[in-house]
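Q: Sequential numbering of the sequence shown, starting at 659, is according to the numbering used here. Here you go, one structure.
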Amino acid sequence: NPKLSNRVNEMSTSATLAMAAKARELKEQGKNIIGLSLGEPDFTIPEFVKEAGIKAIKDNYHSYSPVDGYGELKQAIITKFKRDNNLVYKPSQIVVSTGAKQSLANLAQVLLNEGDEVLLPAPYWVSYADISKVAGGVPVEIPASIDTDFKITPQALEAAITPKTKMMIYSSPCNPSGSVYSRKELRALADVLVKYPSIIIISDEIYEHINFTGEHVSMAAFEDMYDRTVTVNGVSKAYSMTGWRIGYIGAPEYIARACNKMQGQVTSGANCIAQIATITALENPPSKIQYMVDAFKERRKLILGLLSEIPGFKTNEPEGAFYVFPDISYYFGKTLKGKTINSAQDFAIFLLEEAGVATVTGEAFGDPNCIRISYAASGENIKEAMSRIKTSLS
Ligand code: PLP
């Protein structure tokens, strides 16, 4: 639409949200659709967190909070960073935002100039590319495939660096692949990055707790990376608080200050009730949410078992988050039920229309051979969805 800015015209719609909307449309037409497209835990918020939210309302929390978050919440975040990640931050290094998505958008806005390159180990979370582009950045994908467990090598990282490289954004555990970088692998990437001190690393650790390897490693915990790494986290995934919209960063002070300034002109800070509830969420040890992690682990086993019985799905074993990212390129060029499949997008649409299962095309995540299937769903729905997919392809 020429009446709109180039900025928004050039932006792509979030593919995950678009798929969810299409699935909703079919549901409204009376079709039975199983939604495995959204990255949203199907658990409810733990009772102790809900109670803290209710108490905050009754305690009359109602006014603007400090732009970068309540002091008490920052303190809880500082304690959490020390307890879980061995990271030491001061209050002036913490900024609370309206979801980790806003944390990332702030970072892109305060760090990128026109033409600055942003390294994105691919597959990557859908929004990294557009969040970077809207801030003037140029996404540079570093492709990794299922053959390397969707993880990049230090050689590939170094080859992608140019004088214009400004930052790198990655998530581990990764959305969409579920891959987790081990300490050794992350250290090997850090060994490359230390040679290029002007590159800033954005480590998105939102899936930290949903990790089946037993170890989560923060890039900033490497001493030589601390001053150039921003740690992004939030409560959406671990505490099932997606709609409460709280995310946060631990960052070098000059970056935190800039995010605070940016946010002060955009949102005036995050929702005050959700901030107070987040204090309680973070003050409790991660063992309190272990039941969710255990359930995800069970479901991973279930879905991997069922997927292995479907021809043409090449799947690795994801080590975290709640997604599988099968390579389905086997179907490219084939005609299924009269529909020719030329891309992962065609395949995802086929599954939606013929099997009634919503997934997301890998193209949006920078891998055109794959689709993302979320297993943050009940065992029953996972079984039914896999059975329908199998039938639709036979
Ligand atoms: N980072 C990754 C990798 C995600 O998958 C998501 C949510 O899907 C986010 C950030 C954003 O989370 P929030 O709900 O805190 O904005």
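Beta carbons are placed, not taken as given, at the ideal position from N, Cα and C, and that holds for glycine.
Please tell me whether, using a cut-off of 7 Å, the distance from the CB of residue 864 to the nearest non-hydrogen atom of the ligand PLP is below it.
A: Checking the Cβ of residue 864 against the ligand PLP gives yes.
Q: Contact check, residue 629 vs residue 984 under 8 Å by CB: the rounded distance?
A: The requested residue 629 is not part of the displayed model; the chain covers only 659 to 1052.
Q: Since residue 824 is in the beta strand (DSSP E), which residue starts that stretch and which ends it?
A: 823-829 is the span of the beta strand (DSSP E), which, as asked, contains residue 824.
Q: Please report how far the alpha carbon of residue 792 lies from the alpha carbon of residue 1031, in whole angstroms.
A: Those two C-alpha atoms are separated by around 27 Å.
Q: Starting from residue 777, follow the beta strand (DSSP E) in both directions and report where the run begins and ends.
A: Note, residue 777: beta strand (DSSP E), 775-780.
Q: Residue 761: which of 838, 891 and 981 sits nearest, CA to CA?
A: Minimum Cα distance to residue 761 is reached at 891.
Q: Taking only runs that begin and end inside the region 884-949, name each unbroken alpha helix (DSSP H) of 4 or more residues, in chain order.
A: 911-924 and 930-941, all fully within the region 884-949.
Q: Identify whether residue 801 lies in helix, strand or coil by the three-state DSSP scheme.
A: Strand, per DSSP.
Q: Helix, strand or coil for residue 986? Go by DSSP, reduced to three states.
A: Correct three-state label for residue 986: coil.
Q: Determine the contact status of residue 865 and residue 910, defining contact as a CB-CB distance below 8 Å.
A: No.
Q: Is the distance from the Cβ of residue 753 to the Cβ of residue 726 below 8 Å?
A: Taking 8 Å as the Cβ cut-off, residue 753 and residue 726 qualify as a contacting pair.
Q: On a CA-only basis, which of 871, 740, 855 and 923 is nearest residue 824? Give me that one, please.
A: For the residues 871, 740, 855 and 923, the minimum Cα distance to residue 824 belongs to 855.
Q: So residue 625 is in the beta strand (DSSP E); what residue range does that whole segment cover?
A: For residue 625 there is no data in the structure shown, the boundaries of the chain being 659 and 1052.
Q: Please report the straight-line C-alpha distance between residue 883 and residue 852, rounded to a whole angstrom.
A: Going by the C-alpha atoms only, they are around 7 Å apart.
Q: Smallest Cα separation from residue 962: which of 992, 836 and 1012?
A: Checked all of 992, 836 and 1012; the closest Cα to residue 962 is 836.
Q: Can you say whether residue 926 is buried or exposed, counting buried as having 16 or more other CB atoms within 10 angstroms of its CB?
A: That one is exposed.
Q: Looking only at C-alpha atoms, which of 737, 690 and 783 sits nearest to residue 697?
A: The shortest C-alpha separation from residue 697 is found at 783.
Q: Can a CB atom of chain B be found closer than 8 Å to the CB of residue 742?
A: Checking the listed chains, one finds no chain B in this structure; it contains a single protein chain.
Q: Can you find the residues in the same chain that come closer than 7 Å, C-beta to C-beta, to residue 873, ignoring five residues on each side of it along the sequence?
A: These residues qualify, in order along the chain: 841.
Q: Is it right to say residue 945 is buried, meaning 16 or more other beta carbons lie within 10 angstroms of its own, or is it exposed?
A: Exposed.
Q: Check whether the region 711-730 touches the region 1035-1051, counting contact only when three or more Cβ pairs, one atom from each stretch, lie closer than 8 Å.
A: No, they do not touch.
Q: Please find out if some non-hydrogen atom of the ligand PLP comes closer than 7 Å to the beta-carbon of residue 737.
A: No.
Q: What are the uninterrupted segments assigned as alpha helix (DSSP H) that are 4 or more residues long and contained completely in the region 729-763, given in chain order?
A: If we require 4 residues or more, the alpha helix (DSSP H) runs fully inside the region 729-763 come out as 729-743.
Q: Using 8 Å as the Cβ pair cut-off and three pairs as the minimum, do the region 1002-1021 and the region 678-697 touch?
A: Contact between the region 1002-1021 and the region 678-697 is present, because at least three Cβ pairs lie under 8 Å.
Q: Relative to the C-alpha of residue 915, which residue among 750, 681, 686 and 744 is closest?
A: For residue 915, the nearest C-alpha among the options comes from 750.
Q: If residue 936 and residue 893 are in contact, beta carbons under 8 Å, what's the gap, nearest whole angstrom?
A: At roughly 5 Å, the Cβ-Cβ gap stays under 8 Å, so residue 936 and residue 893 are in contact.
Q: Helix, strand or coil for residue 999 per DSSP?
A: Correct three-state label for residue 999: coil.
Q: Among 738, 1009, 819 and 1002, whose alpha-carbon lies nearest the alpha-carbon of residue 684?
A: Comparing Cα positions, the closest option is 1009.
Q: According to DSSP, what are the bridge partners of residue 862?
A: Looking at the DSSP assignment, residue 862 forms a beta bridge with 829 and 890.
Q: Is residue 840 close to the ligand PLP? I mean its beta-carbon at under 7 Å from any heavy atom of the ligand.
A: For the ligand PLP, not one heavy atom lies less than 7 Å from the Cβ of residue 840.
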